[in-house]
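Trainee: Structure incoming, see below.
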Amino acid sequence: MGAVVVIGTGTIGTGWIALFAAHGLPVRVNSRRPDAEKVVRAALELFAPALPGAPDPAALLDRIEFEPDLARAVADADVVSENAPDDLELKQRLFATIEQTGTGALLLSSTSKLVPDDLGARMRDPARLVVAHPFNPPHLVPLVEVVAGSATAAAAVSEAMAFLRSVGRQPVLLRRALPAFAANRLQSALLRECIHLVVEGVVTVPELDDLVTNSIGLRWSTMGPFQAFHLGGGEGGLRGWLSHLGSGLERGWAQLGTPALTDQTRELLVTQTEQAYGDRTYAELAAERDRLHLAVLGALARARAEPS
20 MGAVVVIGTG TIGTGWIALF AAHGLPVRVN SRRPDAEKVV RAALELFAPA LPGAPDPAAL
80 LDRIEFEPDL ARAVADADVV SENAPDDLEL KQRLFATIEQ TGTGALLLSS TSKLVPDDLG
140 ARMRDPARLV VAHPFNPPHL VPLVEVVAGS ATAAAAVSEA MAFLRSVGRQ PVLLRRALPA
200 FAANRLQSAL LRECIHLVVE GVVTVPELDD LVTNSIGLRW STMGPFQAFH LGGGEGGLRG
260 WLSHLGSGLE RGWAQLGTPA LTDQTRELLV TQTEQAYGDR TYAELAAERD RLHLAVLGAL
320 ARARAEPS
C-alpha cells in the first residue's frame, strides 16, 4: 500500500498515526500545528506500549513524514484519514480542496456527528468519501462506525471496511446515516442518566464510575445488551424476558432523568471529577486506560481462542 495520509494531530489523529505506523504503513502527517512533530513524538511514546508488539516509538517515527502542504501530502496517497475539528464548513472546504488535487485516494472522515452527504456537499463527486468514526482511543478500541452517503460508491465502502480490518479494527457498517451515528447515541443516553444520578445526589462521580465498571461495563465487555437480556430471560430468552418485564421497562423509561447542563451542574460534575482523578496527569491516566483496555482485550482474545 502507498502512503496513508493523516490530516490533524489532535487526540484522534495521533491515535490513527500510531496505529497505522504500528501496522507497518508509511504515514504522511498533514497538520496546521507548528509543533505537530513534537505532538506526534509524545503520542508515540504514550501509545506504543498498547500497540501491536509494543514497538519502539523511534521505529514508528521512521515510518512517518510530515508535510504541511495539503496538495503535496495527498498527491500519491491511497488513503486519507481526515481528523479536523468537527466544524462542517471547515471539513467541506477541506474535502473540496483535496478533490481539486486530483487524488484518487479513499477519503475517510473521523467525524463524530456529521453525515457524508453534508461533508461532501462542495465536492463534484464524493463517491470515495466515507465516514469512518472511531471510538477514542482509536489505536486501541476496535470499533469503527462506517457510514456511506447517498453518493458514496459501494466499492469505496468495501475498500474502507477492508482497510480498517487490515489495521486490526472492527468496522460496523451503519445502514442509515443519522447524526452522531450509533455508538455515541448509546453513550449519550447512558451519560444523561449518569449526570442525573450525580445531580440528584444518589451517587458521586467516582461512585458512579465504580458502579458502571463493576456491573454493566463488565457485562458489555463480553456481550451486547440484546444478548445479555436474551440470557436474562433464561430458557425463554429475550421473548420471555420482554413478555414478563416489557411493560415495567417502558414505565422505567418514563422515570429517567432529563438533567439540564446549567453552570451549577457543570461545576458539580467538574469539581467531583477533578477531586477524584485530578491527582494524576493526562499521560498517567491515559497510560493506565490503555493498560487496562489491553488487558481486557487480551483476556477476551485468549478466552475466545479456547475450545468451548
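Taking the working numbering, I'd label the letters of the sequence shown as residues 20 to 327.
Backbone N, C-alpha and C define an ideal beta-carbon position, used for all residues, glycine too.
Bear in mind the structure is a predicted one, so any value in this text is a computation, not a measurement.
1. According to DSSP, what are the bridge partners of Gly60?
2. So, for Val134: in the same chain, excluding its five sequence neighbours on each side, which residues have a beta-carbon less than 6 Å away from its beta-carbon?
3. Is it the case that the Cβ atoms of Asn203 and Ile31 are separated by a distance below 9 Å?
4. Can you tell me where the alpha helix (DSSP H) holding Arg204 begins and where it ends?
5. Is it the case that the stretch 29 to 49 contacts the stretch 92 to 106, given that we only count it when at least three CB pairs across the two stretches are under 8 Å?
6. Identify which residue in Gly168, Lys132 and Arg112 has its Cα closest to the Cα of Arg147.
7. Using the rule of at least 16 other Cβ atoms within 10 Å of the residue's Cβ for burial, across every protein chain shown, is Gly139 buried or exposed?
8. Are the beta-carbon atoms belonging to Leu287 and Arg211 less than 9 Å from one another?
9. So, is Asn102 buried or exposed, given that buried needs 16 or more other C-beta atoms within 10 angstroms?
10. Counting pairs of Cβ atoms below 8 Å between the stretch 215 to 227 and the stretch 278 to 287, do you hit three or more?
11. If we count the other Cβ atoms within 10 Å of its Cβ and call it buried at 16 or more, is Ile235 buried or exposed?
12. On a Cα-Cα basis, can you pick out the residue from Arg60, Asp97, Asp88 and Ser262 that is closest to Asp81?
13. Could you please give me the residues that DSSP links to Glu164 through a beta bridge?
14. With DSSP as the reference, label Ala266 as helix, strand or coil.
15. Tell me which same chain residues have a C-beta within less than 7 Å of the C-beta of Ala201, skipping the five on either side of it?
16. Considering only C-alpha positions, which residue in the set Phe39, Arg141 and Val58 is nearest to Gly29?
17. Under DSSP, the alpha helix (DSSP H) around Ser185 begins and ends at which residues?
18. Suppose you measure from the CA of Ala175 to the CA of Ser128; what does that come to, to the nearest Å?
Mentor: To lay it out plainly:
1. Checking the displayed sequence, the identity of residue 60 turns out to be Arg instead of Gly. DSSP output for Arg60 lists no bridge partner at all.
2. Ala196
3. no
4. Ala202 to Val218
5. yes
6. Gly168
7. buried
8. no
9. buried
10. yes
11. exposed
12. Arg60
13. His152 and Val191
14. For the sequence presented, residue 266 should be read as Ser rather than Ala. Ser266: helix per DSSP, three-state reduction.
15. Glu164 and Leu193
16. Val58
17. Ala173 to Ser185
18. 13 Å
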